[in-house]
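Reading through the structure tokens given below for one structure.
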Amino acid sequence: MSDRFQAQTKMKRRILIGAFCLLLLALLSGIGFHSLRAADQDDDSGYSQIAIFAKAVQLIRQDYVDGDKTSYHNLITAALKGMLGSLDPHSQFMDPSDFRDMQEDTRSRFNGLGIEVAIKNGLPTVVTPMEDTPAARAGILSGDQILKINGASTDRMDLQDVINHLRGAPGQKISLTLIRPSTKEVKDYALESAEIKVQSVKGARLLDPDLTGSFKIAYVRLIQFNEPTADELSRALDGLQNQGMEGLILDLRNNPGGLLNSAVDVCAQFLPPSTKVVSTQGRVASQQREYTTSGAAKERPHFPMAVLVNEGSASGAEIVSGALKDLHRAIVVGETTFGKGSVQNVMQLPDGSALRFTTAKYYTPSKQVIHGNGVTPNIRVPMSVEQERQLFTARSSGDTIKPDEDKNFIKSTDPQMLRAIDALKGVMIYAQQNTPKGEAIKK
């Protein structure tokens, strides 16, 4: 009886492995197995590799010491996480709960510390702390790397694990251990989660004449690229033009990006209709795309521009600064940007989980690759850690610097802004001397 039972058990396992292989092959066929073969025509090992995977699952379930860890759900989920995580730092598998959280993060408010993170050099790295959030108020800066969250080391956490640990209901305590690569300083932070409300356009104003001389140079800052960003920027520009704006400084420092269409629409505020601002290239034809400005943006008189960027400028901020630089529409001032210029597609699975993986890379109008390289400014102006801290502290207080204190703060703390002002003044003086009086240059 025992031998017969063992034989039946082995037969069931063989049937299960065979069914598992057939299921995986059917899934491959359904999502484009022919394109997989086209990518590697000389390699016909797909069937045998799937059989090896299925056999490994069967052996683990059969002999692993802790049987409660070997459910099909646990093993397949772990395999999917490992598979996506091995591709690049921006690809990941999300279970249904993670996927719902990701959808929540794309809205204008969510709970957390206000940290935009990415994996860089193997460690969770702060792309930027969002303004007026617990992270910003604590003095966390772009480039800081997260060593521990609530005492747990991050060296084995994937990106989604890090994001999950950084979330929490308002008031929940979260401890972080960070290292600042520029100084090698390791520091502990005790923070409380809060509701994060995202306002995408801030600080629109004419700068003090003591800084700009006889020219009316305006300033506006974009926090990130959301659905209403282009419309909010358009209204801010209307107000500045009504005040006689002659030049503009667009501040994209510590802007982590956001929606691609929003970034393209922001470019449309400064460029003619049908101007190519970014393109994507991937393995399949559907990923070869060009994004151009629409004709819906308001036509404005031409005015000289400078764009401020730093290491915390990523994704959409790099698309905008790269396009305006390549098309000679603006002078880019600051430091080389983060270098996050890849396209991730999110594909939901039947159980509510999802795959998020890289399908293309962004290219500027001059065909420069953003990913891994960033956008190099026309004028490089570094800032000290102390200057960055003071600037971020001022921003996180809600732009409460009084107008009569603004010029002194810029002079003492913001060399990038000063250099942008000087560059615009030079352009405007040259234009005054070489443009016939009264000539209007339209966008």
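Read in order, the letters of the sequence shown correspond to residues 350 to 792 in this note's numbering. Each residue gets a CB set at the ideal place from its N, CA and C atoms; glycine is no exception.
Exercise for the section: Identify every residue that forms a DSSP beta bridge with Asn460. Expected result: Paired residues: Glu544.
Practice task
Could you pull out every unbroken beta strand (DSSP E) segment of at least 3 residues lying fully inside the region 673-716, listed in chain order?
Solution key: List check, beta strand (DSSP E) in window: 680-683, 691-697, 703-712.
Handout entry: Endpoints, the alpha helix (DSSP H) within which Gly395 is located
Key = Where Gly395 is concerned, the enclosing alpha helix (DSSP H) stretches over 395-412.
Exercise for the section: Work out the CA separation of His422 and Met479 for me, nearest whole Å. Expected result: Cα to Cα, the separation comes out at about 36 Å.
Problem - C-beta atoms of Asn722 and Lys674 nearer than 8 Å - result: Going by C-beta atoms, Asn722 is not nearer than 8 Å to Lys674.
Exercise for the section: Using the Cα positions of Asp771 and Gly596, report the straight-line distance between them to the nearest angstrom. Expected result: The alpha-carbon atoms of Asp771 and Gly596 are separated by roughly 12 Å.
Handout entry: Glu534 burial status per 10 Å Cβ neighbour count (16 or more: buried)
Key = Glu534 should be labelled exposed.
Handout entry: Cross-strand partners of Lys501 (DSSP beta bridge)
Key = The identity of residue 501 in the sequence shown is Ala, whereas the question assumes Lys. Answer is Ile498.
Problem - Cα-Cα separation between Val476 and Gln782, rounded to whole angstroms - result: A straight-line Cα-Cα distance of about 42 Å links Val476 and Gln782.
Practice task
May I ask you to list the residues that DSSP assigns as paired with Ile468?
Solution key: DSSP output for Ile468 lists Pro473 as bridge partner(s).
Exercise for the section: Please go through the same chain and pick out, in chain order, the residues whose beta-carbon is closer than 8 Å to the beta-carbon of Val776, but skip the five residues on each side of it. Expected result: Same-chain partners within the cutoff: Gly596, Pro653, Ile680.
Problem - Boundaries (first-last residue) of the alpha helix (DSSP H) holding Leu515 - result: In the DSSP assignment, Leu515 falls within the unbroken alpha helix (DSSP H) covering 508-515.
Exercise for the section: For Phe382, I'd like the list of residues in its chain whose CB is within less than 7 Å of its CB, leaving aside the five on either flank, ordered along the chain. Expected result: Any reading at Phe382 must be qualified, since the residue scores a pLDDT of 45, below 50, and its modelled position is unreliable; the value itself is stated next. Correct list: empty, nothing qualifies.
Problem - DSSP-derived helix/strand/coil call for Met594 - result: Shown here, Met594 sits in coil according to DSSP, grouped into three states, outside any helix or strand.
Exercise for the section: Report the residue from Phe564, Gly434, Asp412 whose alpha carbon sits nearest the alpha carbon of Ile778. Expected result: Of Phe564, Gly434, Asp412, the residue nearest in Cα terms is Phe564.
Exercise for the section: Could you tell me whether the region 524-534 touches the region 558-573, where touching means 3 or more Cβ pairs closer than 8 Å? Expected result: Taking 8 Å as the limit for Cβ pairs, the verdict is that the region 558-573 does not touch the region 524-534.
Problem - Residues that DSSP places opposite Leu571 in a beta bridge - result: Beta-bridge partners of Leu571 (DSSP): Val550.
Handout entry: Of the residues Asn603, Leu515, Gln590, Met732, the one placed nearest Ala539, counting alpha carbons only
Key = Nearest C-alpha to Ala539: Leu515.
Problem - Limits of the alpha helix (DSSP H) - the one that Val613 falls within - result: Residues 609-617.
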